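Peer 1: Taken in order, these protein sequences are the chains called Z and F.
Sequential numbering of the first sequence, starting at 358, is according to the working numbering.
Sequential numbering of the second sequence, starting at 20, is according to the working numbering.
Positions of the beta carbon are idealized from the N, C-alpha and C atoms, including for glycine.
On a predicted model such as this, the values are computed, not experimentally measured, just so you know.
Below is one structure. I have some questions about it.
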Amino acid sequence: MTIELREVLKKFGEQLVINSVSLAVEDGELFVLLGSSGSGKSTILRVIAGLVRPDSGCVLLRGSDVTQFPPQKREVGVVFQNYALFKHMTVAENIEFGLKIRKMPAAQRRHRSDELLELVGLSGLARRYPAQLSGGQSQRVALARALAYEPSVLLLDEPFGALDVKIRGKLRRSLKAIQRELGITTVLVTHDQEEAFELADRIAVVERGRIVEIGTPHQLYHSPQTEFVANFVGGGNVLFGRYNEGRVRLGSTYLPFPGDAPPHDEGAPVRMLFRPEWVIYSSDASQIEQGSLPLGKGTMRDRLFGGATEKLRFELDDLRGSQSIGLSLEYGQRGTLVDGVASSLAPDIPAIGETRWLSLKRCHVLQPTSLRILTKLEAVPIHAGLMETATHLGGASHGLLSLLSVASTKDEMSSCKDLLEDSKAAVLGARRDIRLTTRVRIGDPVVETVLESQEGYFDLVLLQRSSRNSDTVGSFPGIARHVLVSAHIPVILVSEIGSALKRVLICTAGGEPGKSDVRLAARIARHTGAFSRVFHVRRGDMSANEVARVDRHLSRAQAVLTSFGVESDVLVVEGEPLRELQKQIDGGAWDLVVIGSSSQTLPDTTAKPSFDAQVVATTSLPVLIVPTPE
Amino acid sequence: MEHWHGKNTAIQESRVIQVLLIAFTAAFLTLFLIFPLAIVFQYAFSSGIEAYWQAVTHPLTVSAMHLTLIASLSAVVCNAIFGIALAWLVTHFRFRGRQLLLTLMDIPLAVSPVVAGMVFVLLLGHHGWFGTWLDAWNMKIIFATPGIILATVFVTVPFVARELIPVMEERGATEEEAALVLGASGWQTLRLVTIPAIKWALLYGLVLCNARAMGEFGAVSVVSGHIRGRTNTMPLHIEILYNEYEFAAAFAVSSLLALLALVTLAIKRVVELRHLTGIRRGSAGSL
Numbered sequence: 358m359t360i361e362l363r364e365v366l367k368k369f370g371e372q373l374v375i376n377s378v379s380l381a382v383e384d385g386e387l388f389v390l391l392g393s394s395g396s397g398k399s400t401i402l403r404v405i406a407g408l409v410r411p412d413s414g415c416v417l418l419r420g421s422d423v424t425q426f427p428p429q430k431r432e433v434g435v436v437f438q439n440y441a442l443f444k445h446m447t448v449a450e451n452i453e454f455g456l457k458i459r460k461m462p463a464a465q466r467r468h469r470s471d472e473l474l475e476l477v478g479l480s481g482l483a484r485r486y487p488a489q490l491s492g493g494q495s496q497r498v499a500l501a502r503a504l505a506y507e508p509s510v511l512l513l514d515e516p517f518g519a520l521d522v523k524i525r526g527k528l529r530r531s532l533k534a535i536q537r538e539l540g541i542t543t544v545l546v547t548h549d550q551e552e553a554f555e556l557a558d559r560i561a562v563v564e565r566g567r568i569v570e571i572g573t574p575h576q577l578y579h580s581p582q583t584e585f586v587a588n589f590v591g592g593g594n595v596l597f598g599r600y601n602e603g604r605v606r607l608g609s610t611y612l613p614f615p616g617d618a619p620p621h622d623e624g625a626p627v628r629m630l631f632r633p634e635w636v637i638y639s640s641d642a643s644q645i646e647q648g649s650l651p652l653g654k655g656t657m658r659d660r661l662f663g664g665a666t667e668k669l670r671f672e673l674d675d676l677r678g679s680q681s682i683g684l685s686l687e688y689g690q691r692g693t694l695v696d697g698v699a700s701s702l703a704p705d706i707p708a709i710g711e712t713r714w715l716s717l718k719r720c721h722v723l724q725p726t727s728l729r730i731l732t733k734l735e736a737v738p739i740h741a742g743l744m745e746t747a748t749h750l751g752g753a754s755h756g757l758l759s760l761l762s763v764a765s766t767k768d769e770m771s772s773c774k775d776l777l778e779d780s781k782a783a784v785l786g787a788r789r790d791i792r793l794t795t796r797v798r799i800g801d802p803v804v805e806t807v808l809e810s811q812e813g814y815f816d817l818v819l820l821q822r823s824s825r826n827s828d829t830v831g832s833f834p835g836i837a838r839h840v841l842v843s844a845h846i847p848v849i850l851v852s853e854i855g856s857a858l859k860r861v862l863i864c865t866a867g868g869e870p871g872k873s874d875v876r877l878a879a880r881i882a883r884h885t886g887a888f889s890r891v892f893h894v895r896r897g898d899m900s901a902n903e904v905a906r907v908d909r910h911l912s913r914a915q916a917v918l919t920s921f922g923v924e925s926d927v928l929v930v931e932g933e934p935l936r937e938l939q940k941q942i943d944g945g946a947w948d949l950v951v952i953g954s955s956s957q958t959l960p961d962t963t964a965k966p967s968f969d970a971q972v973v974a975t976t977s978l979p980v981l982i983v984p985t986p987e
Numbered sequence: 020m021e022h023w024h025g026k027n028t029a030i031q032e033s034r035v036i037q038v039l040l041i042a043f044t045a046a047f048l049t050l051f052l053i054f055p056l057a058i059v060f061q062y063a064f065s066s067g068i069e070a071y072w073q074a075v076t077h078p079l080t081v082s083a084m085h086l087t088l089i090a091s092l093s094a095v096v097c098n099a100i101f102g103i104a105l106a107w108l109v110t111h112f113r114f115r116g117r118q119l120l121l122t123l124m125d126i127p128l129a130v131s132p133v134v135a136g137m138v139f140v141l142l143l144g145h146h147g148w149f150g151t152w153l154d155a156w157n158m159k160i161i162f163a164t165p166g167i168i169l170a171t172v173f174v175t176v177p178f179v180a181r182e183l184i185p186v187m188e189e190r191g192a193t194e195e196e197a198a199l200v201l202g203a204s205g206w207q208t209l210r211l212v213t214i215p216a217i218k219w220a221l222l223y224g225l226v227l228c229n230a231r232a233m234g235e236f237g238a239v240s241v242v243s244g245h246i247r248g249r250t251n252t253m254p255l256h257i258e259i260l261y262n263e264y265e266f267a268a269a270f271a272v273s274s275l276l277a278l279l280a281l282v283t284l285a286i287k288r289v290v291e292l293r294h295l296t297g298i299r300r301g302s303a304g305s306l
């Protein structure tokens with residue numbers, strides 16, 4: 358490995374520019390850092406070059422730690438964004454600079470610079486000054502200068518950024534050819550996805566100082582893991598559906614769940630990607646291609662001529678409600694928009710307003726990693742604990758945090774909006790890198806919260822507990838039960854105390870550990886870097902068979918946690934579940950208690966409180982309640 | 020003039036106004052600049068070439084000239100070093116107090132030179148704060164050459180830095196970064212990359228600094244003590260001659276000083292021209 362970064366972290370003032378970045382570039386590889394401007398990709402490059410010293414973490418070049426080395430000692434070649442040619446020196450003097458510093462005799466230097474000028478195709482320009490060169494020529498001189506003393510690593514910062522589109526294509530080819538010829542390990546920074554695809558052996562997508570995903574261009578295009586990469590790299594349709602008995606429900610359409618897709622729980626949100634060219638249209642349902650996945654009937658809404666291809670946009674009623682945030686609907690539209698593409702010579706491109714049957718060549722399910730969190734705000738007062746927990750969780754999971762306020766009448770709208778603005782400011786004040794949305798709904802708080810949590814495909818709903826902790830029924834708000842039972846979405850109940858969720862207690866006291874609660878707990882614990890304990894209370898009168906079965910379940914639960922990279926242990930005690938749990942909570946400095954919801958129906962007020970309600974009543978810690986499938 | 024009044028400029032005066040403005044400027048310059056300068060030379064030679072030669076080769080004049088050149092040279096060297104360092108500091112780093120530093124830099128321009136001279140006397144003079152200490156080490160600063168150099172350096176502090184800051188601000192530090200990555204040490208980078216790139220601005224700043232240093236009167240007058248043949252610079256020497264009614268000699272030395280100023284101006288003009296052509300060719304140094 359020629360270049361390796363280990364957990365590199367860099368702050369400029371308060372701002373985190375590089376957030377724990379680790380990567381390894383293989384020998385002779387052309388590695389591309391792709392990201393939008395301000396994502397921190399150039400800073401990563403400058404850390405490798407030694408021009409920026411990281412606050413923590415280390416940089417290894419050719420296997421040795423160079424973190425403390427100044428740039429002079431790193432033997433890397435750098436092509437800067439604006440080339441940084443020495444304006445008072447000729448082209449030859451520029452190229453020979455590094456050699457002169459290394460005290461190479463003049464004749465040899467001259468020979469080497471002629472060689473390099475030939476390599477980059479600029480023979481004969483040796484005596485020109487940079488001011489007399491075109492952009493493309495300057496770039497090639499910068500490349501020759503960087504290669505002159507035969508560094509083992511070449512770093513390029515947006516090398517084509519300042520050039521015309523036509524020259525860019527030509528220079529890309531020549532750069533790739535030179536890189537292959539010399540076999541030099543190269544890191545290139547760009548914001549241009551096309552450039553990244555054409556050049557890279559592997560691409561790292563950088564966003565807000567983090568590496569979101571690393572893969573070959575092919576992997577990132579055809580099977581990205583994250584929604585960010587799916588949207589950032591190439592055009593695409595990302596739709597939200599729910600996992601339903603081995604299939605994915607998108608609106609009223611069902612698609613088969615791909616065999617190679619990451620496991621999802623029953624009812625969990627599924628993010629489905631299909632690229633425009635995976636969409637096939639045909640004029641008749643009977644003509645849908647064999648083996649393709651029928652999507653439904655769509656109306657042509659828009660077409661854009663793009664030269665070789667034409668971009669098509671369909672609206673599908675059958676997929677209603679599955680729209681991702683990528684494409685927003687026009688006012689008055691209610692179907693879901695799907696982008697397709699056709700050769701501009703295709704004879705059967707539908708006219709706007711015509712309908713076609715759409716199907717898919719393939720579809721791809723994204724990793725269910727980042728959490729989508731809905732936080733329902735109470736009118737007054739805002740409890741700091743709820744906001745703090747939401748901020749911690751939203752920030753750590755790099756997902757989406759949505760704040761909801763429900764107004765019972767239209768008159769309350771403005772005060773709800775004020776509340777949202779204040780809360781938004783508070784969240785962003787604490788963590789600037791959170792993806793945050795706000796929403797006001799009008800109507801019954803319970804109904805609207807349930808609807809919002811379903812319509813927004815949230816993974817998790819954060820709710821404020823009722824304030825009267827002594828009252829068992831009161832501390833378990835009815836709204837939580839409705840979200841659990843009607844929407845089947847996990848709920849975290851938070852009291853006045855906020856939490857960074859660093860120690861998670863997964864309680865299976867009421868029965869066997871459910872798959873879904875362990876998996877969700879694992880996802881949260883991974884994001885917050887928490888330690889987790891799987892806690893089980895066993896009845897004293899269990900048969901050996903039953904004990905073995907429970908142990909098997911517990912070890913599987915721990916395996917899941919380990920697979921998510923979460924540190925964990927298992928603790929089994931005997932006794933009365935609620936009392937043992939109480940003891941465990943009191944003795945352990947826990948931040949979050951995870952339990953499965955035992956109740957499948959809305960509570961009957963006369964009945965004895967359910968186990969989850971009793972747990973909530975015994976502790977003031979945040980409690981995550983995961984609905985268990987029937 | 021024609022150049023600026025092309026058809027595409029929005030400002031279009033009538034021919035009459037143009038002529039009037041030119042005439043006014045010319046009259047003003049003649050009255051306040053050219054005429055006095057001519058008078059200086061006319062008076063200098065009023066007692067004949069022989070007397071002029073005697074005045075300018077008089078030992079006291081030669082000694083004053085010597086001291087003026089020493090003080091100017093010291094000011095130029097000190098401020099070249101300080102100016103580059105200061106300009107680099109304020110253009111490549113953002114730190115608390117940066118604005119304050121930029122303001123402080125201009126103090127010598129704002130404060131009357133006499134006050135500056137007084138400050139040095141207060142600090143370093145016989146009865147000054149450090150007076151006893153200096154006496155103990157047998158160091159004489161005030162009423163001696165070091166004092167004159169100090170005062171001259173002080174009044175010329177801003178000139179180099181003020182020329183360099185805009186140039187350095189504009190070019191940034193990427194060439195320096197490139198040099199570092201290519202293996203150059205900090206010193207090599209300064210010598211091979213930074214200084215060649217800023218050389219015309221630097222030279223221009225030094226010329227201005229030199230002109231001011233040679234002409235400085237107020238600050239130097241306070242710290243000098245007017246000891247003939249030892250602590251008299253040319254401006255001070257002229258004053259003494261003038262006060263003693265030796266007008267011809269006074270003007271002879273004045274003409275010498277004026278000549279030095281004219282040479283400086285000529286150098287400045289050449290530097291300016293080269294600097295401008297350099298900029299037009301898109302490269303500040305390729306000449």
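My understanding is that Z/T732 touches Z/L760, with C-beta atoms under 8 Å, so please give their C-beta distance in whole angstroms.
Peer 2: Walking along the first sequence from the start, residue 732 of chain Z turns up at place 375. Walking along the first sequence from the start, residue 760 of chain Z turns up at place 403. About 5 Å separates the two Cβ atoms, so the contact holds.
Peer 1: Determine the direct distance from the alpha carbon of Z/R628 to that of Z/L596, and round the result to whole angstroms.
Peer 2: To locate residue 596 of chain Z, count along the first sequence from 1; it is residue 239. To locate residue 628 of chain Z, count along the first sequence from 1; it is residue 271. Distance between the alpha carbons of Z/L596 and Z/R628: 6 Å.
Peer 1: Grab the span of the beta strand (DSSP E) containing Z/F888 for me, first residue to last.
Peer 2: Translated into positions along the first sequence, residue 888 of chain Z becomes position 531. 888–895 is the span of the beta strand (DSSP E), which, as asked, contains Z/F888.
Peer 1: Check whether the Cβ atoms of Z/G756 and Z/R729 sit closer than 7 Å, and answer yes or no.
Peer 2: Here the question's residue 756 of chain Z lines up with position 399 in the first sequence. Here the question's residue 729 of chain Z lines up with position 372 in the first sequence. Going by C-beta atoms, Z/G756 is nearer than 7 Å to Z/R729.
Peer 1: On a Cα-Cα basis, can you pick out the residue from Z/H468, Z/G492, Z/G886, Z/A905 that is closest to Z/G895?
Peer 2: Counting from 1 along the first sequence, the entry for residue 895 of chain Z is found at position 538. As written in the sequence, residue 895 of chain Z is Arg, which differs from the Gly given in the question. Among Z/H468, Z/G492, Z/G886, Z/A905, the Cα nearest to that of Z/R895 is on Z/A905.
Peer 1: Within the chosen definition, does the region 464–480 of chain Z reach the region 435–444 of chain Z through at least 3 CB pairs nearer than 8 Å?
Peer 2: Counting C-beta pairs closer than 8 Å gives fewer than three between the region 464–480 of chain Z and the region 435–444 of chain Z, which falls short of the contact rule.
Peer 1: Can you tell me the Cα-Cα spacing of F/G147 and F/L275, whole angstroms?
Peer 2: Taking the first residue of the second sequence as position 1, residue 147 of chain F is located at position 128. Taking the first residue of the second sequence as position 1, residue 275 of chain F is located at position 256. Using only the alpha carbons, I get a separation of about 36 Å.
Peer 1: Run through the region 523–563 of chain Z for me and flag every whole beta strand (DSSP E) of 3 or more residues, listed as ranges in chain order.
Peer 2: Those beta strand (DSSP E) runs which fall completely within the region 523–563 of chain Z and span 3+ residues are 542–547.
Peer 1: Anything in chain Z within Cβ reach of F/P165, meaning under 8 Å, just list it in chain order.
Peer 2: Your numbering for residue 165 of chain F matches position 146 in the second sequence. Neighbours of F/P165 on chain Z: none; closest Cβ ~38 Å, over 8 Å.
Peer 1: Enumerated in chain order, which unbroken segments of the beta strand (DSSP E) with a length of 3 residues or greater are wholly contained in the region 885–955 of chain Z?
Peer 2: 888–895, 925–931, 949–954
Peer 1: Smallest Cα separation from Z/D412: which of Z/E602, Z/I524, Z/V378?
Peer 2: The residue labelled residue 412 of chain Z in the question sits at position 55 within the first sequence. The shortest Cα separation from Z/D412 among Z/E602, Z/I524, Z/V378 belongs to Z/V378.
Peer 1: Examine the ligand COA and report whether any of its heavy atoms sits within less than 6 Å of the Cβ of Z/P626.
Peer 2: This structure simply doesn't include the ligand COA, nor any ligand for that matter.
Peer 1: Got a sec? Which residues, its chain only, sit under 6 Å from Z/F921 by beta carbon, not counting five neighbours each side?
Peer 2: The sequence position of residue 921 of chain Z within the first sequence is 564, counting from 1. Setting aside the 5 residues that flank it on each side, Z/F921 is surrounded in the same chain by A879, R883, each with a C-beta closer than 6 Å to its C-beta; the list follows chain order.
Peer 1: Using a beta-carbon distance cut-off of less than 8 Å, what residues from the region 406–424 of chain Z approach chain F?
Peer 2: Residues passing the 8 Å Cβ filter: A406, G407, L408.
Peer 1: Any residues in the region 184–209 of chain F with a beta carbon nearer than 8 Å to a beta carbon of chain Z? Which ones, in chain order?
Peer 2: T193, E194, E196, A197, A198, L199, V200, L201, G202, A203, S204, Q207
Peer 1: Whole angstroms are fine: how far does the CA of F/I100 sit from the CA of F/A106?
Peer 2: The residue you call residue 106 of chain F lines up with position 87 of the second sequence. The residue you call residue 100 of chain F lines up with position 81 of the second sequence. Going by the C-alpha atoms only, they are around 10 Å apart.
Peer 1: With contact counted as at least three CB pairs below 8 Å, one residue from each stretch, are the region 169–183 of chain F and the region 225–237 of chain F in contact?
Peer 2: yes
Peer 1: Can you tell me whether F/W23 is buried or exposed, with buried defined as 16 or more other CB within 10 angstroms of its CB?
Peer 2: The sequence position of residue 23 of chain F within the second sequence is 4, counting from 1. No answer about F/W23 holds up, because its pLDDT of 49 lies below 50 and its placement is not dependable.
Peer 1: Mind checking who Z/K733 pairs with in its DSSP beta bridge?
Peer 2: The sequence position of residue 733 of chain Z within the first sequence is 376, counting from 1. Note: Z/K733 sits in a beta bridge opposite Z/L761.
Peer 1: Anyone know if the C-beta pair for Z/L841 and Z/V848 falls short of 7 Å?
Peer 2: Sequence index remark: in the first sequence, residue 841 of chain Z carries index 484 (1-based). Sequence index remark: in the first sequence, residue 848 of chain Z carries index 491 (1-based). Taking 7 Å as the Cβ cut-off, Z/L841 and Z/V848 qualify as a contacting pair.
Peer 1: Using DSSP with H/G/I as helix, E/B as strand and the rest coil, what is Z/R363?
Peer 2: Start at 1 with the first residue of the first sequence, and residue 363 of chain Z comes out as number 6. Z/R363 falls in the strand class under three-state DSSP.
Peer 1: One question on the structure: do Z/D384 and Z/T573 come within less than 7 Å of each other, judged by their Cβ atoms?
Peer 2: Looking up residue 384 of chain Z in the first sequence gives position 27. Looking up residue 573 of chain Z in the first sequence gives position 216. Contact: no.
Peer 1: Residues in the same chain with beta-carbon distance under 6 Å from Z/F443, minus the five sequence neighbours each way, listed in chain order, please.
Peer 2: Residue mapping note: residue 443 of chain Z aligns to position 86 of the first sequence, counting from 1. Closer than 6 Å at Cβ, skipping near neighbours: N451.
Peer 1: Is the CB of F/I214 under 7 Å away from at least one CB in chain Z?
Peer 2: Translated into the one-based positions of the second sequence, residue 214 of chain F becomes position 195. It does not; no Cβ of chain Z falls within 7 Å.
Peer 1: If you run the structure through DSSP and keep just helix, strand and coil, what is F/E188?
Peer 2: Here residue 188 of chain F refers to the residue found at position 169 when the second sequence is read from its first residue. Three-state result, F/E188: helix.
Peer 1: Taking only the alpha-carbon atoms, compute the straight-line gap between Z/P979 and Z/T400 and give it to the nearest angstrom.
Peer 2: Counting from one through the first sequence, the residue named residue 979 of chain Z turns up at place 622. Counting from one through the first sequence, the residue named residue 400 of chain Z turns up at place 43. Each residue's alpha carbon lies about 39 Å from the other.
Peer 1: Just tell me which of Z/S393, Z/V416, Z/E745 has its CA closest to the CA of Z/R565.
Peer 2: On the first sequence, residue 565 of chain Z is found 208 positions in, with the first residue counted as 1. Per the Cα distances, Z/S393.
Peer 1: Which value, in whole angstroms, describes the spacing of the CA atoms of Z/E672 and Z/M657?
Peer 2: As a working mapping, residue 672 of chain Z is identified with position 315 in the first sequence. As a working mapping, residue 657 of chain Z is identified with position 300 in the first sequence. The alpha-carbon atoms of Z/E672 and Z/M657 are separated by roughly 6 Å.
Peer 1: According to DSSP, simplified to helix, strand and coil, what is Z/G742?
Peer 2: Against the first sequence, residue 742 of chain Z aligns to sequence position 385. Helix, per DSSP.
Peer 1: Is Z/F585 buried or exposed, if buried means 16 or more other CB atoms sit within 10 Å of its CB?
Peer 2: On the first sequence, position 228 is the one that residue 585 of chain Z refers to. Classification for Z/F585: buried.
Peer 1: With a threshold of 7 Å between beta-carbons, can Z/G455 be considered close to chain F, or not?
Peer 2: Residue numbering aside, residue 455 of chain Z sits at position 98 when the first sequence is read from its first letter. Yes - at least one Cβ of chain F is within 7 Å of the one on Z/G455.
Peer 1: Is there a C-beta anywhere in chain F that falls below 7 Å from the one on Z/Q429?
Peer 2: Here the question's residue 429 of chain Z lines up with position 72 in the first sequence. Closer than 7 Å: yes.
Peer 1: Which same chain residues, not among the five before or five after Z/E933, have their C-beta less than 8 Å away from its C-beta?
Peer 2: Within the first sequence, residue 933 of chain Z is the residue found at index 576, counting from 1. For Z/E933, the CB contacts under 8 Å within the same chain, skipping 5 residues up- and downstream, are V894 in chain order.
Peer 1: Counting only beta-carbon atoms, is Z/A441 nearer than 7 Å to chain F?
Peer 2: Counting from one through the first sequence, the residue named residue 441 of chain Z turns up at place 84. At least one chain F Cβ lies under 7 Å of Z/A441.
Peer 1: Could you check where the alpha helix (DSSP H) with F/V226 kicks off and where it finishes?
Peer 2: Within the second sequence, residue 226 of chain F is the residue found at index 207, counting from 1. First-last of the alpha helix (DSSP H) with F/V226: 214–234.
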